[in-house]
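Residue numbers (this note's numbering): 126 to 312.
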């Protein structure tokens, strides 16, 4: 009887093994009825500095500019303004340029137009590198070296009379506003 029981047990185990062997590939060939996909995206950046708090929106106040001086000189004295960078790591990049963009004055190329909310008219705002070379809108400024930890990037801005408004003496006085946006380009 023992031999019979052993033979039955062996047949039973062989049939289970054969079932598992055959059913494994069958279950792998199951056809999916619902499918989907994911699309992944992102950007790896290397920004060696952070914009210091308060330098995201820099107010430049020309205070009072005499219409008489604009007629005589054509433009105001330049004011220095700065963008402060902090936590700079110069192992990634060594220098930075700044690209300014905004609404361009139709009568003064590469000058910012003043906004429609302004009371003044007949003027535009020009930007200069610190060495007083003009900065063209939508064009990178001169490169400035980054310092470890903190870097201050300085520029100058001035108010200029539009040529026709100066000749015809049609500059309108009052408050004026303009906005320039900037992009840091590390090198």
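For glycine and all other residues, C-beta sits at the position ideal for the given N, C-alpha and C.
Within the segment 183-215, the runs of alpha helix (DSSP H) that reach at least 4 residues and sit entirely inside it are, in chain order, 192-198. Three or more Cβ pairs drawn from the segment 204-217 and the segment 168-183 lie within less than 8 Å of each other, which places the two stretches in contact. Residue environment for residue 266: buried (at least 16 other C-beta atoms within 10 angstroms of its C-beta). Residue 290: member of the alpha helix (DSSP H) spanning 288-292, first to last residue.
Around the beta carbon of residue 171, fewer than 16 other beta carbons lie within 10 angstroms, which makes this residue exposed. Ranking 233, 189, 208, 308 by CA distance to the CA of residue 275 puts 208 first. Of the residues 225, 248, 254, 222, the one whose Cα lies closest to the Cα of residue 298 is 248. Under a 10 Å Cβ-count criterion, residue 307 is classified as buried, with 16 or more other Cβ atoms of the shown protein chains found around its own Cβ.
In this structure, residue 255 sits away from residue 231, with a CB-CB distance that is not shorter than 8 Å. Here residue 241 carries a coil assignment [DSSP, helix/strand/coil]. For residue 250, the closest alpha carbon among the candidates 217, 195, 161, 167 is that of 195. Comparing C-alpha distances from residue 253 to each of 244, 240, 200, 296 shows the shortest one belongs to 200. When rounded, the separation of the alpha-carbon atoms in residue 167 and residue 189 is 47 Å. Here residue 295 carries a coil assignment [DSSP, helix/strand/coil].
In chain order, 171, 173, 271, 311, 312 place their CB closer than 8 Å to the CB of residue 218, counting only its own chain and leaving out the 5 sequence neighbours on each side.
In the structure shown, the three-state DSSP call for residue 276 is strand. Around the C-beta of residue 239, 16 or more other C-beta atoms lie within 10 Å, and the residue is accordingly described as buried. Here residue 261 has 235 as same chain residues with Cβ atoms under 8 Å from its own Cβ, once five neighbours each way along the sequence are excluded.
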